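What follows is a set of notes on a single structure, which appears directly below.
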Amino acid sequence: MKRRDFIHLSGMGLGALMTPGMLAMGNPVTAERLMEPGIDAAAKKVLADIALNAAKAKGATYTDVRIGRYLNQFVITREKNVQNITNAESFGVGIRVIAEGTWGFSATSDVTPDGIKACAETAVAIAKANSKLQNEPVQLAPVQGAGEVTWQTPIKKNAFEVPVKDKIDLLLSANDAALQNGAAFVNSALFMVNEQKYFASTDGSYIDQDVHRIWPNFTVTALNKAEGNFRSRQALSAPMGMGFEYLDGLASEKIPGPAGLVSYRNSYDLIEDATMAAKQAVEKLSAKSVVPGKYDLVLDPDHLGLTIHESVGHPLELDRVLGYEANYAGTSFATLDKWKTGDFKYGSDKVNIFADKTQPHSLGYVAYDDEGVKTKEWDLIKDGVLVNYQAIRDQVSILGENESHGCCYADSWESVQFQRMANISLRPGTEKLSVNDMIKDVEKGVYIVGRGSYSIDQQRYNFQFGGQLFYEIKNGEIAGMLEDVAYQSNTQEFWNSCSQICDKDDYKLFGSFFDGKGQPSQVSAVSHGSSTTRFDGVNVINTGRKI
Amino acid sequence: MAILTKEEAKQIIDKVLSYATADETEVSIGGGRTGNIRYARNTVNTSGETNSISLSITSVFGKKSGSTSINELDDESLKKAVARAEEIAKLAPENPEYMPMLGPQEYIETNTFSESTDKINPDYRAQVAIDSIKPCADNNLTAAGYLEDFSGFNASGNSKGLFGYNKRTSVDFTVTVRTADGTGSGYSGSDYNDVNLLKSGPVTALAVQKAQASVNAQAIEPGKYTVILEPRAASDLLGRLTFGLDARSADEGRSFMSKKGGGTRIGEKIFDERVNIYSDPTHPDIPVAPWSGDGLPLEKTKWVENGVVKNLFYSRYWAEKQGVEAVPRPRGVIFEGGDQSLADMIKSTERGVLVTRFWYIRAVDPQTLLFTGLTRDGTFYIENGQIKFPVKNFRFNESPIIMLNNIEAMGKPQRVDGSMVPPMKIRDFTFTSLSDAV
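Protein chains in written order, with my numbering: chain B, 1 to 547; chain F, 1 to 438.
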């Protein structure tokens, strides 16, 4: 199965569609193999130098080498059964060069001196061949060589060291909790990823990074057989840049919300959430169908993260703005001329959105990106005004900057690195404000929790979002569950309708584990932090139909 | 090097099976060459070519199965891989839904391989890009496109005597053309097994024409419109309908194919009687490998006949549980059409919208198969039988089930992404908002 097909499927939601055998990314290995160390940094440096020298000898003016070992383990269950366990390893080297002002890239799984030398020479040959077809010579922003450095995601429990049996037991316990509380079906899964990446470049960097990510997830379905109705509720977990400690379910990381809801910050209680999900899926079967119209929306961070991703993260990727993604993901409404005015009001004064690759526990957290640039935090929208984009070494000169933002990424050693979304987050409000306080002031509104259906146009103007849970707000109080809710808006209009943001006590990360971009398509994982936020007078439609 | 002959593949598979000690063993071997070229802003950004071969082994003890894959085919590597798959299988939990492997099967021959596609080289790819970029650059337009080609093979065999072999080629070309001021955008694309059928010049010319014709789109009110969907637009929605024709979720009560009170809607007329959907691995325009993912032979299968649901996919496990024959999922489907041309459909339309393609389609409600998404790269208003002017893009919220009950007319099916889909004229298609995107 092609990776992009997998993305397509996962985009449709975990659940009935996810069948065993779909998920291997790399060569299947034993679970024990995932705990074995790869080759050490000293050996990788020797191999990397072979590539740097071979490329230079053939005429490259710049070279970077990524020796990557990518490990993943997916455990998938439904109801009382384990459906699939995949342990996969992918190991190889990707070499990128500039020759005659043009990029060339080649990759090989033959990680030997001869294999690497041949691969570097191929990369140079490709660059030279491509130079005849391109008319924009590469301009690389300078980078200070990092020397020899190592970095690891600050995890407490390496997920690969937790026995598979414990993972199965945890998932089956969650399934059981859901079945005991009214669910007819439960599909649950644990995704665990470890990227062991060694980067070396002619700038004098030798960077060894060990990156960990985890995502527990489920879909619970309740049925009304007599009526032929079904409703699902997905997990309110977030994929995180953490180890297995994310599943500790610490009480200190739970944020109590309205209507008995619980939001999980940096520690997730899978069984508690599965229990609540089953009850809520049952409740959804008989919930009131929404009356379409204008509502004030109170959006939970588990929901708002996806809206930030689609309506701010993507349109502010510089390669999209410039047209490099025109044939696939699209371009952007946030054009350079708007940015150059210096007063383009993307949102209301309350809206401050920043990019980073440095937030602890986030999916994007690394010390250096995949072209050896030290990561940082920078503003995209300040007091509602568009101030910057996301750009990498060969793009920042267009913005008049001489330092890359550090958001270059490749999803594998065999994929060429390119500009990918950093973590994009909404700064919390500076005044003390809880979710309950926010709801008290809403006369006619909807409180939306969790990610649901999502769609946005190719320039990121018009979007429509659903959710997992919808609650009617009437005169400052929650007045019961709603169904068939989706809201439609225009990015600039929507962010300008932002009227209140809860404080930092409500701030948490949402994540997207399999964000797709490029041709051939690559995935990337990215987090979006926010606190619960209010948007006034947004158009809500009713999605109920009879067939 | 990457394409093995049937005999070479069988020899390797038999060798692997001879090393196996598991109750059941399956070996698949596949490989080939994938090449691509990508351009944007009228310049080539990336191009590449990968040759690879991969062999995977699934070993089964009782109901425990384990898989592994390797890229080396020497005896020592193969022996190690068998041992690893067997080790993984022994450690695996039992799969209560495991089905014993199939014995020998009769697979029909399908014409999936083209010598011409197999001979594609970097020069050809570069020429496609140049031929696409030049007319755009000459006319103050910007091209972004992607060509991907594949030539390779797949072979499978197991310890119960099953063996199948298929050689396949494919080529897929798409291009988006935008006006320099960003007020017009057009898209076109083609996919084939045989590259001789690909006329990349006319594909680009159509995208150019759409880009130029879509400049300065006007806003019209969203609402219910008669739409004429070009084959790509129709395919964008209908493909999602056929993807969901799964018996198990229907039997479980969690599909649009579930019957009130239990069971599936097989036998019910749920579409206009002109709706006929079938699959056929030997179809000359969309030939595919003659077996499904679980090894069952693919044969001509009717899914919808005269608006009546005839079949749903049954996995081998679910078929056994329900006491019916397994029905494999097809690799491509044929939507039968009608005899109207796109021009005929436009001529007979008093007021309507012509749609080139849809974009960012996502499920809104699986119960009713409601989808949302947007029009893109060429949307036009039709009045009194003529295209009047380009219109701003719309967001839709529509179910293909409702759509296939509102058919006005259909045309001759064309190949789109491996399926055959006709242009369709549909009444009362629901557009819910406007988009400023070009």
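Quick reminder that beta carbons are idealized off the backbone N, C-alpha and C, glycines included. Please read these numbers as outputs of a predicted model, since none were measured by experiment.
Within the region 120-149 of chain F, contact with chain B at the beta-carbon level (separation under 8 Å) is assigned to Pro122, Ala126, Ala129, Ile130, Thr142, Ala144, Gly145, Tyr146, Glu148. Within the region 318-340 of chain B, the residues whose Cβ lies closer than 8 Å to some Cβ of chain F are Leu322, Gly323, Tyr324, Glu325, Ala326, Asn327, Tyr328, Gly330, Thr331, Phe333, Thr335, listed in chain order.
In this structure the region 411-423 of chain B does not touch the region 258-272 of chain B; the number of beta carbon pairs closer than 8 Å is below three. Listed along chain F is no residue with a C-beta nearer than 7 Å to that of asparagine 175 (chain B); the closest approach is about 14 Å. If you ignore the 5 residues before and after threonine 368 (chain F), its C-beta comes within less than 6 Å of the C-beta of Ser399, all in its own chain and listed in chain order. Contact check for arginine 534 (chain B) against aspartate 296 (chain B) passes: the beta carbons are separated by less than 9 Å.
When Cβ-Cβ separations below 9 Å define contact, arginine 420 (chain B) makes no contact with chain F. As computed with DSSP, methionine 420 (chain F) is found in a beta bridge with F:Ile334, F:Arg415.
For arginine 415 (chain F), the number of other beta carbons within 10 angstroms of its own is at least 16, and it is reported as buried. The beta carbons of glycine 228 (chain B) and lysine 259 (chain F) sit closer together than 9 Å.
With the criterion set as a beta carbon lying under 7 Å from some beta carbon of chain B, the members of the region 398-424 of chain F are Ser399, Ile401, Ile402, in sequence order. With respect to leucine 206 (chain F), threonine 179 (chain F) sits apart: the two C-beta atoms are not nearer than 9 Å. Taking a cut-off of 8 Å on C-beta distances, the region 370-383 of chain B touches the region 347-359 of chain B, as three or more cross pairs fall below it. The beta carbon of serine 453 (chain B) sits closer than 6 Å to those of Gly466, all from its chain and outside the five residues before and after it, given in chain order. A Cβ-Cβ distance of about 5 Å is found for the pair proline 104 (chain F) and glycine 161 (chain F), placing them in contact under the 8 Å criterion. Secondary structure in the region 250-299 of chain B: the beta strand (DSSP E) runs of 3 residues or longer, each lying completely within the stretch, are 254-256, 262-264, 293-299 in chain order. When C-beta distances to chain B are compared with 9 Å, the residues of the region 83-114 of chain F below that value are Arg84, Ala85, Glu87, Ile88, Leu91, Ala92, Pro93, Glu94, Asn95, Pro96, Glu97, in chain order. By a beta-carbon distance limit of 8 Å, serine 332 (chain B) contacts glutamine 459 (chain B). Their separation comes to about 6 Å.
Within the DSSP bridge table, the entry for glycine 445 (chain B) names B:Asp296, B:Ile473 as partners. Looking at the backbone, the Cα of glutamate 403 (chain B) and that of alanine 60 (chain B) are separated by about 22 Å.
When beta bridges are read from the DSSP output, glycine 189 (chain F) appears opposite F:Thr174. When the alpha-carbon of asparagine 36 (chain F) is set against those of F:Glu115, F:Ser170, F:Glu86, F:Arg331, the nearest one is in F:Ser170.
Every beta strand (DSSP E) stretch that sits fully inside the region 122-179 of chain F and reaches 3 residues is listed by chain position as 141-158, 163-179.
The Cβ atoms of serine 52 (chain F) and alanine 2 (chain F) lie closer than 9 Å to each other. Leaving aside the five residues that flank alanine 137 (chain F) on each side, the residues in its chain whose CB is nearer than 7 Å to its CB run, in chain order, Asn42. No Cβ of chain B is located within less than 9 Å of the beta carbon of aspartate 344 (chain F). By DSSP's assignment, serine 90 (chain B) forms a beta bridge with B:Tyr70. The residues Ser188, Phe218, Leu270, Ile271, Ala274, in chain order, have a CB closer than 7 Å to that of alanine 174 (chain B) in the same chain once the five nearest residues on each side in sequence are set aside.
Straight-line spacing of the CA atoms in proline 281 (chain F) and proline 330 (chain F) works out to 8 Å. Taking C-beta atoms as the reference points, threonine 372 (chain F) and valine 353 (chain F) fail to come closer than 9 Å. Taking C-alpha positions only, asparagine 130 (chain B) is separated from tyrosine 507 (chain B) by approximately 47 Å. Between the C-alpha atoms of proline 315 (chain B) and valine 321 (chain B) there is a straight-line separation of about 7 Å. At least one beta carbon of chain B lies nearer than 9 Å to the beta carbon of glycine 66 (chain F). The same chain holds no residue with a CB closer than 7 Å to that of alanine 43 (chain B) once the five nearest residues on each side in sequence are set aside. Residues of the same chain with a CB within less than 6 Å of the CB of glutamate 49 (chain F), apart from the 5 flanking positions on each side, are Gly35 in chain order.
Within its own chain, the residues whose Cβ lies closer than 6 Å to the Cβ of methionine 403 (chain F), once the five positions on either side in sequence are excluded, are Ile426, listed in chain order.
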